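Number of protein chains: 2
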Amino acid sequence: MTATSLDALQRLLPEGMVVTDPDVTDSYARDRTFCAPGTALGVVLARSREDVVTTLRWASEHRVPVVPRGAGTGLAGGATAVEGGVVLSLHKMTAIRELSPADEIAVVEPGVITADLDRAAREHGLMYAPDPSSYEISTIGGNLATNAGGLRCVKYGVTRDSTLGLEVVLADGRVLETGRRTVKGVTGYDLTGLFVGSEGTLGVITAATVRLRRAPLVPPATVAAEFPTLVSAAEAVAAVIAAGCQPSLLELLDRATLKAIDDWRNIGLDPDTAAMLIAQSDASDGQAAAERMAALFEEKGASFVAVSSTPEEAEELIGVRRLAYQAKERLGACLVEDVCVPRSRLPEMIAAVEATAARHEVPIFTVAHAGDGNLHPVFVFEHGLAEPPPHVWAAADEVFRAALDLGGTLTGEHGVGLLKRRWLDLETSPVARELQHGIKQVFDPLGIMNPGKAI
Amino acid sequence: MTATSLDALQRLLPEGMVVTDPDVTDSYARDRTFCAPGTALGVVLARSREDVVTTLRWASEHRVPVVPRGAGTGLAGGATAVEGGVVLSLHKMTAIRELSPADEIAVVEPGVITADLDRAAREHGLMYAPDPSSYEISTIGGNLATNAGGLRCVKYGVTRDSTLGLEVVLADGRVLETGRRTVKGVTGYDLTGLFVGSEGTLGVITAATVRLRRAPLVPPATVAAEFPTLVSAAEAVAAVIAAGCQPSLLELLDRATLKAIDDWRNIGLDPDTAAMLIAQSDASDGQAAAERMAALFEEKGASFVAVSSTPEEAEELIGVRRLAYQAKERLGACLVEDVCVPRSRLPEMIAAVEATAARHEVPIFTVAHAGDGNLHPVFVFEHGLAEPPPHVWAAADEVFRAALDLGGTLTGEHGVGLLKRRWLDLETSPVARELQHGIKQVFDPLGIMNPGKAI
Ligand SMILES: Cc1cc2nc3c(=O)[nH]c(=O)nc-3n(C[C@H](O)[C@H](O)[C@H](O)COP(=O)(O)OP(=O)(O)OC[C@H]3O[C@@H](n4cnc5c(N)ncnc54)[C@H](O)[C@@H]3O)c2cc1C
Ligand SMILES: Cc1cc2nc3c(=O)[nH]c(=O)nc-3n(C[C@H](O)[C@H](O)[C@H](O)COP(=O)(O)OP(=O)(O)OC[C@H]3O[C@@H](n4cnc5c(N)ncnc54)[C@H](O)[C@@H]3O)c2cc1C
Numbered sequence: 001m002t003a004t005s006l007d008a009l010q011r012l013l014p015e016g017m018v019v020t021d022p023d024v025t026d027s028y029a030r031d032r033t034f035c036a037p038g039t040a041l042g043v044v045l046a047r048s049r050e051d052v053v054t055t056l057r058w059a060s061e062h063r064v065p066v067v068p069r070g071a072g073t074g075l076a077g078g079a080t081a082v083e084g085g086v087v088l089s090l091h092k093m094t095a096i097r098e099l100s101p102a103d104e105i106a107v108v109e110p111g112v113i114t115a116d117l118d119r120a121a122r123e124h125g126l127m128y129a130p131d132p133s134s135y136e137i138s139t140i141g142g143n144l145a146t147n148a149g150g151l152r153c154v155k156y157g158v159t160r161d162s163t164l165g166l167e168v169v170l171a172d173g174r175v176l177e178t179g180r181r182t183v184k185g186v187t188g189y190d191l192t193g194l195f196v197g198s199e200g201t202l203g204v205i206t207a208a209t210v211r212l213r214r215a216p217l218v219p220p221a222t223v224a225a226e227f228p229t230l231v232s233a234a235e236a237v238a239a240v241i242a243a244g245c246q247p248s249l250l251e252l253l254d255r256a257t258l259k260a261i262d263d264w265r266n267i268g269l270d271p272d273t274a275a276m277l278i279a280q281s282d283a284s285d286g287q288a289a290a291e292r293m294a295a296l297f298e299e300k301g302a303s304f305v306a307v308s309s310t311p312e313e314a315e316e317l318i319g320v321r322r323l324a325y326q327a328k329e330r331l332g333a334c335l336v337e338d339v340c341v342p343r344s345r346l347p348e349m350i351a352a353v354e355a356t357a358a359r360h361e362v363p364i365f366t367v368a369h370a371g372d373g374n375l376h377p378v379f380v381f382e383h384g385l386a387e388p389p390p391h392v393w394a395a396a397d398e399v400f401r402a403a404l405d406l407g408g409t410l411t412g413e414h415g416v417g418l419l420k421r422r423w424l425d426l427e428t429s430p431v432a433r434e435l436q437h438g439i440k441q442v443f444d445p446l447g448i449m450n451p452g453k454a455i
Numbered sequence: 001m002t003a004t005s006l007d008a009l010q011r012l013l014p015e016g017m018v019v020t021d022p023d024v025t026d027s028y029a030r031d032r033t034f035c036a037p038g039t040a041l042g043v044v045l046a047r048s049r050e051d052v053v054t055t056l057r058w059a060s061e062h063r064v065p066v067v068p069r070g071a072g073t074g075l076a077g078g079a080t081a082v083e084g085g086v087v088l089s090l091h092k093m094t095a096i097r098e099l100s101p102a103d104e105i106a107v108v109e110p111g112v113i114t115a116d117l118d119r120a121a122r123e124h125g126l127m128y129a130p131d132p133s134s135y136e137i138s139t140i141g142g143n144l145a146t147n148a149g150g151l152r153c154v155k156y157g158v159t160r161d162s163t164l165g166l167e168v169v170l171a172d173g174r175v176l177e178t179g180r181r182t183v184k185g186v187t188g189y190d191l192t193g194l195f196v197g198s199e200g201t202l203g204v205i206t207a208a209t210v211r212l213r214r215a216p217l218v219p220p221a222t223v224a225a226e227f228p229t230l231v232s233a234a235e236a237v238a239a240v241i242a243a244g245c246q247p248s249l250l251e252l253l254d255r256a257t258l259k260a261i262d263d264w265r266n267i268g269l270d271p272d273t274a275a276m277l278i279a280q281s282d283a284s285d286g287q288a289a290a291e292r293m294a295a296l297f298e299e300k301g302a303s304f305v306a307v308s309s310t311p312e313e314a315e316e317l318i319g320v321r322r323l324a325y326q327a328k329e330r331l332g333a334c335l336v337e338d339v340c341v342p343r344s345r346l347p348e349m350i351a352a353v354e355a356t357a358a359r360h361e362v363p364i365f366t367v368a369h370a371g372d373g374n375l376h377p378v379f380v381f382e383h384g385l386a387e388p389p390p391h392v393w394a395a396a397d398e399v400f401r402a403a404l405d406l407g408g409t410l411t412g413e414h415g416v417g418l419l420k421r422r423w424l425d426l427e428t429s430p431v432a433r434e435l436q437h438g439i440k441q442v443f444d445p446l447g448i449m450n451p452g453k454a455i
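Residue numbers (UniProt numbering), protein chains in the order written: chain L, 1 to 455; chain G, 1 to 455.
Structural data, given as C-alpha cells:
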C-alpha cells in the first residue's frame with residue numbers, strides 16, 4: 001500500500017469520501033477498548049453498497065487490509081485500525097430500505113442505529129428485540145458482526161435469532177445475498193449464520209433482513225430484590241426460570257457494584273447484601289408474573305423485595321441497573337469482560353471473580369445477564385493508563401480460565417476481536433481452528449478482511 | 001471400492017456391524033421419497049462415536065462415499081443410498097448422555113427418536129420444542145441435518161434454534177466439537193449453524209447439546225375455523241399474529257385437503273369452505289388467547305368457529321389436521337412438497353397452487369404451517385409408479401417457481417437432498433454456490449460425504 005494507490009481510490013469514490021486528515025483518521029482508529037491501533041492510511045465514509053464494492057475491489061487489487069467499522073462502540077477491539085490499512089466506516093449507510101408490518105421484517109443498512117430501528121418498528125406496533133446496553137449508539141452492522149446480545153435476550157435471543165438474510169460485499173468486491181425473507185428455509189448451508197458474529201473478517205455487511213416482533217402491549221412490570229448470599233440469588237434465578245415466569249430481563253448486580261452505586265448515589269443499600277436481582281416481565285399478564293417472581297425471590301431468602309405497580313416505579317427499580325457502568329467509570333479506567341457459563345454455575349463463577357479480585361487486589365465489579373449465565377466483570381484500574389497493567393491482565397486471565405473450567409465461554413456477546421485472541425486456543429480445538437481458517441480462506445483468500453481479529 | 005476393502009472395514013468393526021445382505025441393505029437404501037437409490041455395498045450399524053470414526057477413516061482411505069442415515073423418514077432424498085457407497089446408520093446410537101434441568105439442556109446421541117427426547121424432558125417439566133409431524137419416527141440426527149421444523153415452530157423456532165453445540169466426526173475421522181453448553185457465545189465462526197441443515201454433506205453428527213424449554217403448565221387450548229375464501233383465512237392468520245396472540249400452532253388446510261378428509265371421514269364440511277385454520281395456544285392464559293383468536297377469525301369472516309373448553313375437545317379439533325396426510329395417501333402416491341413464502345404472500349401462493357392443479361390436472365392438496373408461511377402441497381398420482389410422472393414434475397416445477405417469484409424458498413424444512421437439486425440454481429446465486437462448494441471442500445476435500453446431495 002502506497003499513498004499513490006490511495007490516490008487511486010480517492011479518484012474512484014465521490015469527492016471527500018476518503019479521509020486522510022490524521023485528526024479524523026485517529027478518531028476512527030479505536031473502539032471502546034484499550035487495544036492499540038495501527039496507523040491507517042485513510043478512512044472511507046461509504047454511503048452506498050457501490051462505494052463498498054469500489055473500496056473492496058481496490059483493496060483486493062492493492063492487497064490493502066480493510067477494517068469494517070460501525071459506531072466503534074465494540075468492547076473487543078474488532079474495529080481497531082490495522083497498520084497500513086483503511087478503515088471502512090458504514091455509519092453513513094442509514095437507510096431503512098423496507099419495513100413490512102405484514103411480514104414482520106425490515107431491510108436495513110448497516111449504519112442504522114439499533115434504537116432507531118426499534119423506534120421505527122414501534123410505529124407499527126412492532127419491535128426490534130436485540131437491545132445491547134449500547135443500543136442508542138451502536139449500529140446494526142456492528143451488532144450483526146458481533147452477534148450482540150442485550151438485556152431482552154433472555155426472552156428474545158441474540159442478534160442471530162433476529163436475522164433472516166444479509167447482503168454482503170466480499171473481499172474481492174462481489175456481492176453475495178444470503179438467507180431469505182421467510183422465517184424458515186434450508187436451501188444450502190447457513191451462510192447468514194456464518195457472517196453473524198464473524199467480526200468483519202469474512203466480508204462487509206451492506207444490508208440485513210431482520211425479523212421484527214410484536215411489541216408488548218403494556219409497559220413491563222419490574223421486581224427488584226436484595227439477597228444476603230450469592231447462592232440464594234442464583235437459586236432465585238433458577239426458580240424463576242423453572243417456574244416458567246419468562247422474564248424479559250433478569251439482571252444480577254454483585255456486592256462490589258452495589259457498593260459503588262450506593263457510595264455514589266446513596267440508594268440505602270443494606271450492607272449485608274451480596275447481590276441484587278432485577279427482573280421484568282413484558283407479557284400481557286406481566287404484573288402477575290412480576291408478583292410470582294417476587295414470591296419466589298422471597299422464598300429463596302431475599303432480604304428485601306419490591307414490585308413496581310406503575311411504569312414510574314418500574315423505571316426507578318431498573319434505574320439502579322443503569323447506574324452500574326457509570327458508578328465504576330468514576331472509580332477508574334474500566335476493562336469490561338464478558339464471560340458466559342451454564343446458568344447453574346453462576347454462583348461459582350461470581351465466587352471465582354470475587355476470589356480473583358481479592359488475590360490480585362484488583363477491584364472487579366460484576367453485572368450479569370443472569371438468565372443467560374452471561375457475566376460482565378469490570379476490572380478497574382488507574383485512569384490515564386494506555387492499557388490495563390499486568391496485574392489486571394493476570395486477574396482477567398484467571399477469570400477467563402475459571403469460566404472455561406465451569407463449562408463456559410470467553411465471550412457471550414462482545415466477540416473476540418483483538419482483545420481475546422490470546423485466550424482463543426484455550427477454548428477452540430486445533431481441529432476447529434483449522435476449519436475456521438479454511439472458511440476464512442474461502443471467503444477472503446488474500447486475507448485483507450480485518451486481519452488479526454476474531455479467529 | 002471393492003469387496004476386499006469392505007472386508008477390511010468388517011474386520012475393523014465389531015462382528016455383525018457391517019451388513020451386506022441385499023435384503024437388509026435394500027431396506028436402508030431409500031427415504032420417504034421416490035428418489036432412485038444407487039446400490040450400496042453395505043450398511044454400517046454404528047453404536048458409538050468410535051464406530052463412526054473407524055468407518056470414516058476407512059472410507060477416506062478407500063475413497064468410499066458415505067451416506068449418513070437416521071430413520072430414513074426424510075422427504076428430500078437426503079438419505080438415499082449412493083452407488084458404490086456405504087450407508088452409515090446412526091439409529092442405534094440412542095443414548096441421552098445427559099439431561100440437566102438446571103441448565104435446561106440435554107446431550108443426546110443422533111439416533112434418539114425426537115419424541116423420546118421430548119418425553120424424557122417432560123419428566124422434568126421441560127420439553128424439546130421442535131416437533132416435525134414425524135417426531136415419533138424421526139431421529140434427532142436427521143432433524144439436525146435437515147434443520148427440521150414442525151407444528152410448534154411458529155412459537156419456538158426450528159431445530160437450529162434449539163441447538164447449542166455438536167460433536168461431529170469429519171470425513172477423515174477427526175472429531176470436532178462445536179458450540180457450547182451456554183445459551184450465548186461468539187467465540188469463532190458459527191460451525192454449529194453450518195452443520196445444522198447440511199444434510200450429511202459436511203460430517204456425521206454423533207452428539208448434540210440441545211436446549212430444552214419449560215413445558216407448558218396447562219394443556220393447549222384449541223380453536224378451529226372454516227373460511228369461505230383463502231383471502232379471509234390469510235387475513236385471519238395475519239390478524240392473529242398482529243394481535244400478539246402467540247399461537248403455539250397455526251395450521252391451514254386447503255379446500256382440496258378438507259374435501260379429501262370429508263369424503264373419507266365425513267366431518268360435516270360446508271361445501272363452500274375454502275380453507276380451515278386450526279390454532280393453539282399453550283400459554284398460561286391459553287384459553288383467553290384461544291377466545292381472542294376465535295373472535296379475530298369471526299371478524300375476518302369465518303363461517304364457523306369452534307373453541308375447545310376441554311383437552312378432549314382440543315384433541316378433536318386438532319384431529320382433523322392429523323387426518324390430512326392419510327386422507328391423501330388413500331387417493332394415490334404422494335409427492336410432498338415444502339415451499340415457504342413471506343406470510344403476507346400466503347393467499348397468492350395457495351391460489352397459484354390451485355391454478356397449477358387445474359392447469360396440469362394434478363390433484364394437489366395443501367396443508368400449511370400458516371404462521372410461518374410454510375406450505376406442503378402434496379401432489380397425488382397413480383399408486384404403484386416408481387416415481388412421479390412428468391406432468392406431476394411439471395406441476396411441481398411451476399409451484400417452486402411461484403414460491404420463488406413471491407420472495408420465498410424451495411424448502412422451508414425438508415431440505416434439498418437429491419429431490420430439489422435441479423431447482424437449486426433458481427434460488428442460489430453463482431457466488432453463493434461457489435462459496436458453499438468452497439466450504440464443502442474445507443470439510444470434505446475428498447468429497448466422500450453424501451455426494452450429490454444438498455448443494
Ligand atoms: C456502554 C456500552 C454498553 C454495551 N453493552 C453491550 C451489550 O449489552 N451487549 C452487547 O452485545 N454489546 C454491548 N456493547 C458492545 C458494543 O456496543 C457491541 O459489540 C456492538 O454490537 C458494536 O456495534 P458498533 O456499531 O459500535 O460496531 P464496531 O465497534 O464499529 O465494530 C464491531 C465489530 O463489527 C465489525 N463490523 C462493524 N460493522 C460491520 C459491517 N457492516 N460489516 C462487517 N463487519 C462490521 C467491526 O469490524 C468489528 O469487528 C456495549 C458497549 C458499550 C460502550
Ligand atoms: C409423515 C411425515 C411427516 C413429516 N413431517 C415433517 C415436519 O413436520 N417437519 C419436518 O421438518 N420434516 C417432516 N418430515 C420429514 C422428515 O421426518 C424430517 O426431515 C426428519 O428430520 C428426518 O429425520 P430422519 O432421522 O428420518 O433422517 P433421514 O431421513 O435418515 O436423513 C435425513 C438427512 O439427514 C442426514 N443425516 C441423518 N442423520 C445424520 C447424522 N447423524 N449426521 C449427519 N447427517 C445425518 C441424512 O444424510 C439425510 O441427508 C416428515 C416425514 C414424514 C414421513
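Every residue, glycine too, gets a C-beta built ideally from N, C-alpha and C. Remember, it's a predicted structure, so these values are computed and weren't measured experimentally.
A residue is called buried once 16 or more other Cβ atoms fall within 10 Å of its Cβ, and L:ALA358, having fewer, is exposed. Per DSSP, G:THR192 is one residue of the alpha helix (DSSP H) stretching across 191-195.
For the options L:ALA306, L:GLY203 and L:THR33, the alpha carbon positioned closest to that of L:LEU385 is the one of L:THR33. The beta carbon of L:CYS35 does not come within 9 Å of any beta carbon belonging to chain G, so the residue lies off that interface.
In the DSSP annotation of this structure, L:ARG30 is not part of any alpha helix (DSSP H), being labelled neither H nor E. Using beta-carbon distances, G:THR178 counts as an interface residue toward chain L, with a partner under 9 Å. In terms of Cβ geometry, G:VAL341 and L:THR182 form a close pair [threshold 9 Å]. Counting along the chain, no alpha helix (DSSP H) covers L:PHE34, and no H or E run does either. Under the three-state reduction of DSSP output, G:CYS340 falls in the strand class.
For L:ILE267, the number of other beta carbons within 10 angstroms of its own is below 16, and it is reported as exposed. Taken from the Cβ of G:TYR156, every heavy atom of ligand 2 lies 8 Å or farther away. Under the DSSP assignment, L:MET276 falls in the beta strand (DSSP E) whose first and last residues are 275-281. Taking the C-beta atoms as reference points, G:MET449 is found no nearer than 9 Å to G:GLY84.
Judged by DSSP in its simplified three-state form, G:ILE455 adopts coil rather than helix or strand.
For G:ASP270, the three-state secondary structure derived from DSSP is coil. Listed in chain order, the beta strand (DSSP E) elements of length 3 or more contained wholly in the stretch 96-183 of chain L are 96-100, 105-108, 163-169 and 175-179. Spatial neighbours of L:ASP272 in its own chain (CB-CB distance under 6 Å, excluding positions within 5 residues in sequence) are listed in chain order as PRO228.
In the DSSP assignment, L:ALA221 is bridged to L:SER281. Between L:ALA290 and L:ALA394, the C-beta spacing is not below 9 Å. By the Cβ neighbour-count rule, G:GLY286 is buried, with 16 or more other Cβ atoms within 10 Å of its own. Note on geometry: alpha-carbon atoms of G:VAL399 and G:VAL362 lie some 12 Å from one another.
Contact annotation: in the stretch 404-416 of chain L, residues whose CB is within less than 7 Å of a CB in chain G are GLY407, GLY408, THR409, LEU410, THR411, GLY412, GLU413, GLY415 and VAL416. When the Cα atoms are used, G:PRO65 and G:GLY452 turn out to be separated by approximately 10 Å.
The beta-carbon distance between L:GLN436 and L:ILE455, rounded to whole angstroms, is 5 Å. This is short enough to meet the 8 Å contact definition. Using a Cβ-Cβ cut-off of 9 Å, L:ASN147 is close to LYS184, GLY185, VAL186 and ASP190 of chain G, given in chain order. Between the stretch 405-424 of chain L and the stretch 11-27 of chain L there are fewer than three C-beta pairs closer than 8 Å, too few to call the two in contact. Beyond the five residues adjoining it in sequence on each side, L:ALA46 comes within less than 8 Å, by CB distance, of MET17, VAL52, THR55, LEU88, SER89, LEU90, LYS92 and MET93 in the same chain, given in chain order. G:SER344 and G:ALA234 have their alpha carbons spaced roughly 8 Å apart. DSSP places G:VAL231 within a helical segment (H, G or I) once states are collapsed to three. Taking each of G:THR310, G:PRO130 and G:ARG152 in turn and checking the Cα distance to G:VAL218, the smallest one comes out for G:THR310.
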